[in-house]
Amino acid sequence: MRKTLPAALLLTSASLALSAQMPAQAQVYSGRVVAVDGDSLDMTGARIRLFGIDAVEKDQTCQRGGTSWSCGLDARQALSGLVAGREAVCTQQDTDDYGRVVAICRVGDIDLSDAVVRMGYAAALPHFTPAYVPAEADARARKAGIWAGTFEQPADYRKAHPRAPEGPRTGSRPASRPAPQHAPARAASRSAAVFFRNCRDAWAAGLAPMRIGEPGYRPGLDGDSDGVACEPLPRR
């Protein structure tokens, strides 16, 4: 059965053999994707997190050979190379605190979580699954990527640089914040100075979701008129 979602994602039924191994009511999303960072994908405007790993953040730097390097940008580039021009199939495992799909994603026979860890751009999260621990051990032994020097754990980096809301990879979604009744004129003009054609562009720029008065917000991107544009997928 195929179902069209508001974010234009395609929901497909898993095969009987695969569904026997998946959690109850697991959902499968398929389509072209774009790498947002080392462990996040954008599929037609909706964010998908790779399950079981934690990659260095897009703006994060690491130390190697006594010099700083843009490990976060390299992590995104590595994931981009894996998905470029190809269709990903993502089997949902959970939903994070912000309503984003957390999934095991494959491109052909490649498990993207395993590949990113093996290239040395992410750490395994054994408290969610032990599946990627061997890949991390392999990357450490080869001193691949971040293991060639020193780096701040991504979770610690996010705490020190709270640029965007990042919650645990599983859990319930927090209640929606009430929409402001009146936005100051100065804030409104600042919002109008940034224009996105669609939510995909807003996510790619790292500014989504956006509230009234924030750069890039406009009613055309706020489908439910709740004062928040380009929201993540709702919990299912």
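When you line the sequence shown up against the working numbering, it's residues 944 to 1179, in that order.
Just so it is clear, CB atoms sit at the ideal spot from N, CA and C, and this is done for glycine as well.
- Look at residue 1103 here: in three-state DSSP terms it is helix.
- In the DSSP annotation of this structure, the continuous segment of the alpha helix (DSSP H) that includes residue 1079 starts and ends at 1076 to 1085.
- Collapsing the DSSP output to three states places residue 1039 in coil.
- Ranked by Cα distance from residue 1044, the first of 1142, 1172, 988 and 1103 is 988.
- In the DSSP assignment, residue 983 falls within the unbroken beta strand (DSSP E) covering 983 to 986.
- Looking at the DSSP output, residue 1148 shares a beta bridge with no other residue.
- Distances from the alpha-carbon of residue 1032 to those of 1065, 972 and 1015 put 972 closest.
- Ranked by how close their Cα comes to the Cα of residue 983, the residues 1063, 1048 and 1083 have 1048 in first place.
- Secondary structure of residue 1020 (DSSP, three-state): helix.
- Around the beta carbon of residue 1077, fewer than 16 other beta carbons lie within 10 angstroms, which makes this residue exposed.
- For a cut-off of 8 Å, the C-beta gap from residue 1009 to residue 998 is around 24 Å, too long to register as a contact.
- In this structure, 994 is the residue among 1006, 994, 1041 and 1014 with its C-alpha nearest to the C-alpha of residue 1070.
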